[in-house]
Amino acid sequence: MNRPIRTLSVGCLILFVALMLNVTYVQFFKANWYNDRADNRRVTEEAYSQQRGDILVGKKAVATSVPSDTKFEWQRTYPGGKKYAPITGFMSYSYGQTGIERTQDSVLSGKDNKLFTNRLVDLVTNSEPAGGNVELTIDPKVQDAAYEGLTALGEDVQAAAVAIEPSTGKVLAMASTPTYNPDRLANNDITAAQKSYNQLSKDEDEPLLNRSIQTALPPGSTFKLVTAAAAIEDLGMDGDSMVYGGASLDLPGTDVNLPNLNGSSCGGEQITLTRALEVSCNTAFGQLGMELTDEQMQDQAEGFGFGQDYLDDLGPLAVSKYPDNGGDKAKQARAAIGQQDVIATPLQMAMVSAGIANGGEVMKPYLVDRVTSSSLDVIDQGNPTAIDNQPAVSQDTAEILTDMMVSTVENGTATAAAIDGVSVAGKTGTAQTTPDRPPYAWFTSFAPAENPSIAVAVMVQKSGTERSEIAGGRLGGPIAKAMMEAAIS
Amino acid sequence: MSGFTPASSTPVFVHRSRRGAELVLLIIALAVGIGAYVAVGLGVEGKIPVDIVGYGTWLVLLLVAAHIGVRLMAPYADPVLLPLVAMLNGVGLAVIHRLDLSRPAAENADFAGQQLTWMTLGVVLFLVTLFLVPDHRMLQRFTYTAGFAAVVMLILPMLPFIGNEINGARIWIRLGPVSFQPGEVAKVLLVICFAGYLAVHRDALALAGRRFAGIDLPRARDLGPLLMMWAISLAILVLQRDLGSSLLFYGLFVVTLYVATERKGWIVVGGLLFAGGVFAAISLFSHVRVRVLTWLNPFDYYPEAVNGTSSEQLVQGLFGMAWGGMIGRGFGSGEPWRIPYANSDFIIPAIGEELGLTAILALLLCYGLIVERGLRTAIVARDDFGKLLSVGLATSIALQTFVVVGGVTGLIPLTGLTTPFLSYGGSSLVANWVIVALLLRVSDQSRRPLPTAPSDEDLAAEETQIVKLDKGALNR
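Residue numbers (our numbering), protein chains in the order written: chain A, 1334 to 1822; chain B, 5 to 480.
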């Protein structure tokens, strides 16, 4: 009977080897697959209850972790509150992370490879692994001005304001209303947090949306800056070039004409390009749009960042677009004044201003200024880079555009943004979509014009204001002005 | 196998008793067991457990008693088995204690304390078995008694009043405060029955019979009684929805039959019948189908149960093991309480989470060694019954380990069984200690030096001397 017993012992050996291989597969080769699953509560709870690093604005934390006596050891709180919610995002047990909490998760949680040496030290000293800190580029004074300006518009106003430092691309402010209290979503009381989330996600005003980057709408007349840039670059114009300024523009192949906002002429059949921008003349820019090709317009728009996803530090980003009109002149005319299928985010329009302010070079916007370890050693530093190899417009074009925008603030529709003793460059926009809904009010500007330190865009998507009262200058101008003043002072 | 081996002519390999080696290994096993208990205290509560002296002393006393028992009653027994078992039992106690501590204080769970009581009973029965069974061959007398008793044991849970259904399986009996799985005892009895019957009938089964379609079929009167008894056991288990035990009993039957008849055909026939049985069970019984489905796609039933079927336990076990990785998170640093019934069926994933892949591989090696030492015992055994008995006992440990560890790690569908010596569960622990005692008994018999027969000259010189031989020696 020994032969079958020997066979049997080989059989048993195979059984045990199979068990060992399978356990090795589960615990070693497939371990990461299990650990990365969103429904793995061990991992989510560990991530949720750990002490994460701070998100800082200036020297002040806008997101931090405090010890908790609930079943989770730490509670994430947001001293930055509603004002910073669109930037910080939130860290929730049930819904994961958004905003900087999401994009900088590896740093904040301490898992990033940049923090490797710190982790090693933690391991040796047997201390809890601590997360790194993220310092934002936000200027708290500008952020205050933006947030206060937006909230002053009213409770159910949907609006956003964003500011960039033109020379670097640092985002100086980013505010959106309505907003939410991230503390309620990060609550260690999971049921309460879920209740808050359900409430917020059902809200018609979409408070969870960061409108500065996630809402792309027709930019209206602020887009005329792009059309003007293309006209100067491609048609060889300057501020004194004469353009059509009649009351209405005949759109070929259609029954309708393109009128001006109030139906009157822009100050004559022929006006200067500068004057056309000052009064935001639809017929003038519509005409330019028909003279330029789709390709020229597209190239110009893309030079300023249209069609690109350039924001690594926050997301998801709605991508701004200039449409392909297929050579349809009527469409080209409407697109040239920021209607038709042109869509842009407030951040995109701020980049148009910032590009002009920076002598034509458009910088890639960023929000993370520095990453520091828990012991405050600087580990990583934000690095200004241009979005493209070549500038959007030449230095000369930028100067012409700047003069035209300064003139718009001094003599035109953008007077609301004028600041005493400082030359401000600006452009208004009022985008009409369908007759049954109110137009969107836009405003973009930068200052000081000769040495710009801030470029701004304000967008009001929905407000309580009477329809006839809605205009970019009236709604957005004062907010942009307050933001610029905060940056300059 | 019969007659004397002349001591002078052919040199015969004589096993040494190796009790000293056993003691050294036992000390290592004790160090592991008590060390694990201390590690649990340090890891979970940050201090050495207050009862460490009492606990450690008790464990030492138990195992020293077992060792002395072996020294006195089975001096030539295999020296590796007892230390391996002692170590598994010690680690099991520590892990169960750790799982006790992970429960809310309000529950006041003391499964480790109960397990220690059961272990004490196990060691006592281990010694009693060695004492009552001085020669394993006497068990062969109880072939049919054992078979009958096994069936009775299996029927017990079906009876009203004492039968007790827990988690859908009716395999417990409750006598006062004590809950017991008679199936675990039935397992040992069945092994004795299979071995006893096959030792007698193996020649008839292997040789006598009709050749049909190229296959030698045994005569019904040779295989019939065994087949009937075995079928009754399986039927009961199927009625009780105890998949793990059905698989174990079936495997035991096929393996012993194969070893006894030395015919590979039995494995083939057994395998085909098994495949057919599995197919039938899947199509007939929804609870079997559910096991297969949750095994194939565990994440279809997690985190939300579908039609009352949840794979929470399996998935939490897998998550725990992945979380533990290579070296584990350390005692007290994991979250094994997430795994339902972590201290019984799912103790391996709980260990994987806190002690890592390394610990599981080490434990599997221990099981592998126990099984292979058991089969080694079968090879050196000098009688058919001893061979078949140790084959059955070793196979029962191998199959049980494979079915439960394979189930909880997702290698095969999950069936409920305890992990031998590790899991919380009194009946299983006691039964497995008795299995070890029987294995040691067979190995003692087979490793003991043969009685030396007097040489011819001695016989010639002492013609009138009556040579006394012990009864056992004659039977060989």
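Beta carbons are placed, not taken as given, at the ideal position from N, Cα and C, and that holds for glycine.
>> For A:Ser1653 and A:Leu1606, which I take to be in contact (beta-carbon distance under 8 Å), what is that distance rounded to the nearest angstrom?
In response: As a working note, residue 1653 of chain A is residue 320 in the first sequence. As a working note, residue 1606 of chain A is residue 273 in the first sequence. 24 Å between Cβ atoms; not a contact.
Rounded to the nearest angstrom, what separates A:Ala1750 and A:Glu1378 at their Cα positions? The residue you call residue 1750 of chain A lines up with position 417 of the first sequence. The residue you call residue 1378 of chain A lines up with position 45 of the first sequence. Taking the straight line from one Cα to the other gives about 49 Å.
Q: Grab me the residues of A:Ile1670's own chain with a C-beta within less than 8 Å of its C-beta, minus the 5 sequence neighbours each way, in chain order.
A: As a position in the first sequence, residue 1670 of chain A is number 337, starting the count at 1. Excluding sequence neighbours, A:Ile1670 sits near Gly1553, Ser1554, Phe1556, Lys1557, Thr1560, Leu1591, Asn1615, Phe1618, Gly1619, Gly1622.
Residues, ordered as in the chain, of the region 1611–1625 of chain A that lie near chain E by beta-carbon distance below 8 Å: Judged by its chain identifiers, the structure shown contains no chain E, and its protein chains are A and B.
- Item | A:Val1742, buried or exposed, once every other Cβ within 10 Å from all chains shown has been counted against 16 | As a position in the first sequence, residue 1742 of chain A is number 409, starting the count at 1. Buried: at least 16 other Cβ atoms inside 10 Å.
Put A:Ile1604 into one of helix, strand or coil per three-state DSSP.
By 1-based counting over the first sequence, the position of residue 1604 of chain A is 271. Of the three classes helix, strand and coil, the one that applies to A:Ile1604 here is strand, per DSSP.
Review point. Which residues mark the beginning and the end of the beta strand (DSSP E) in which B:Ile175 is found?
Key: Numbered from its first residue, the second sequence carries residue 175 of chain B at position 171. 173–179 is the extent of the beta strand (DSSP E) around B:Ile175.
For this session: Decide if B:Ile331 is buried, meaning its Cβ has at least 16 other Cβ atoms within 10 Å, or exposed.
Result: Position 327 of the second sequence, counting from 1, holds the residue named residue 331 of chain B. The residue is exposed, with fewer than 16 neighbouring Cβ atoms inside 10 Å.
Three-way DSSP call (helix, strand, coil) for B:Met511 in this model
Missing from the structure shown is residue 511 of chain B; chain B here goes from 5 to 480 and no further.
### Task
Taking 8 Å as the cut-off, decide whether the C-beta atoms of A:Ala1687 and A:Pro1499 are in contact.
Start at 1 with the first residue of the first sequence, and residue 1687 of chain A comes out as number 354. Start at 1 with the first residue of the first sequence, and residue 1499 of chain A comes out as number 166. Yes, these two residues count as a Cβ contact at 8 Å.
_Contact list for A:Lys1363 against chain B, beta-carbon separation under 8 Å_ = On the first sequence, residue 1363 of chain A is found 30 positions in, with the first residue counted as 1. Within chain B, the residues near A:Lys1363 are Ala326.
From B:Gly269 to B:Val258, what distance separates their C-alpha atoms? Your numbering for residue 269 of chain B matches position 265 in the second sequence. Your numbering for residue 258 of chain B matches position 254 in the second sequence. Cα to Cα, the separation comes out at about 10 Å.
**Message:** Is A:Arg1452 close to chain B? Criterion is C-beta to C-beta, closer than 8 Å.
**Reply:** Taking the first residue of the first sequence as 1, we reach residue 1452 of chain A at position 119. With 8 Å as the cut-off, A:Arg1452 does not count as an interface residue toward chain B.
*B:Asp55 classed as buried or exposed, judged by whether at least 16 other C-beta atoms fall within 10 angstroms*: What you label residue 55 of chain B is simply residue 51 of the second sequence in a count that begins at 1. Exposed, because fewer than 16 other Cβ atoms sit within 10 Å of the Cβ of B:Asp55.
Practice problem: For A:Ala1526, go through chain B and note every residue whose CB falls closer than 9 Å to its CB, in chain order. | Solution: Residue numbering aside, residue 1526 of chain A sits at position 193 when the first sequence is read from its first letter. Chain B residues near A:Ala1526: none, gap ~18 Å exceeds 9 Å.
Review point. Using 8 Å as the Cβ pair cut-off and three pairs as the minimum, do the region 1377–1396 of chain A and the region 1479–1493 of chain A touch?
Key: no
Please report whether the beta-carbon of B:Leu379 lies at a distance below 8 Å from any beta-carbon of chain A. For this step, residue 379 of chain B is matched to residue 375 along the second sequence. Yes, its Cβ sits closer than 8 Å to a Cβ of chain A.
Problem set entry | Interface positions of the region 1341–1356 of chain A facing chain B (Cβ-Cβ less than 8 Å), listed along the chain | Leu1341, Ser1342, Cys1345, Leu1346, Leu1348, Phe1349, Ala1351, Leu1352, Met1353, Asn1355, Val1356
Runs of beta strand (DSSP E) lying entirely within the region 1395–1463 of chain A, each at least 3 residues, in chain order: 1407–1410
(request) Identify the contact partners of B:Ile383 in chain A, using a Cβ-Cβ distance below 9 Å as the criterion. (result) Locating residue 383 of chain B in the second sequence gives position 379, counting from the first residue. Residues of chain A passing the Cβ test: Met1334, Asn1335, Ile1338, Arg1339, Ser1342.
Check: Of the residues A:Thr1403, A:Thr1421, A:Ile1338, A:Gly1429, which one's Cα is nearest the Cα of A:Arg1370?
Finding: Position 37 of the first sequence, counted from the first residue, corresponds to residue 1370 of chain A. Out of A:Thr1403, A:Thr1421, A:Ile1338, A:Gly1429, A:Gly1429 has the C-alpha closest to the C-alpha of A:Arg1370.
| Any contact of the region 1465–1473 of chain A with the region 1699–1707 of chain A, i.e. 3+ C-beta pairs under 8 Å? | yes
For B:Lys391, would you say it is in contact with chain A, using Cβ-to-Cβ distances shorter than 8 Å as the test?
As a working note, residue 391 of chain B is residue 387 in the second sequence. Closer than 8 Å to some Cβ of chain A, the Cβ of B:Lys391 qualifies, so yes.
Bridge partner(s) assigned by DSSP for A:Trp1366: Taking the first sequence and counting its residues from 1, one reaches residue 1366 of chain A at position 33. None, per the DSSP bridge assignment.
Between the CA atoms of B:Gly281 and B:Leu256 - distance to the nearest angstrom:
Counting from one through the second sequence, the residue named residue 256 of chain B turns up at place 252. Counting from one through the second sequence, the residue named residue 281 of chain B turns up at place 277. So the alpha carbons of these two residues sit roughly 16 Å apart.
Just checking: is the beta-carbon of B:Thr121 within a distance shorter than 8 Å of some beta-carbon in chain A? To locate residue 121 of chain B, count along the second sequence from 1; it is residue 117. No, because no Cβ of chain A sits closer than 8 Å to the Cβ of B:Thr121.
| task | Scan the region 1737–1792 of chain A and note each continuous beta strand (DSSP E) run of 3 residues or more that stays entirely inside, going in chain order. | result | 1758–1764, 1773–1780
(request) Classify B:Ala208 as helix, strand or coil using the three-state DSSP reduction. (result) Here the question's residue 208 of chain B lines up with position 204 in the second sequence. Helix, per DSSP.
Using only the alpha-carbon positions, how far apart do A:Thr1421 and A:Pro1473 sit?
The residue labelled residue 1421 of chain A in the question sits at position 88 within the first sequence. The residue labelled residue 1473 of chain A in the question sits at position 140 within the first sequence. Going by the C-alpha atoms only, they are around 14 Å apart.
Check: For A:Ala1522 and chain B, any beta-carbon pair shorter than 8 Å?
Finding: Along the first sequence, read from residue 1 onward, the residue named residue 1522 of chain A stands at position 189. Here the sequence assigns Asp to residue 1522 of chain A, which means Ala is not the residue at that position. Not an interface residue.
Requested in this report: Any chance you could list the alpha helix (DSSP H) runs of at least 4 consecutive residues sitting entirely within the region 67–110 of chain B, in chain order?
Outcome: 85–105
Residues that DSSP places opposite A:Ile1497 in a beta bridge
By one-based count along the first sequence, residue 1497 of chain A stands at place 164. DSSP, once it has assigned bridges, lists A:Val1504, A:Ala1788 as partnering A:Ile1497.
Item checked: Sequence-distant residues of the same chain with beta carbon closer than 7 Å to A:Gly1601, five excluded per side -> Against the first sequence, residue 1601 of chain A aligns to sequence position 268. Cβ within range, chain order: Gly1578.
From the DSSP output, read off the bridge partner residues of A:Thr1524.
Within the first sequence, numbered from 1, the residue matching residue 1524 of chain A stands at position 191. Bridge partners of A:Thr1524: none, in fact.
Out of curiosity, what's the CA-to-CA distance linking A:Phe1449 and A:Ile1712?
-> Along the first sequence, one-based indexing puts residue 1449 of chain A at 116. Along the first sequence, one-based indexing puts residue 1712 of chain A at 379. Taking the straight line joining both Cα atoms gives about 11 Å.
### Task
Put A:Ser1581 into one of helix, strand or coil per three-state DSSP.
Numbered from 1 along the first sequence, position 248 holds the residue referred to as residue 1581 of chain A. Of the three classes helix, strand and coil, the one that applies to A:Ser1581 here is strand, per DSSP.
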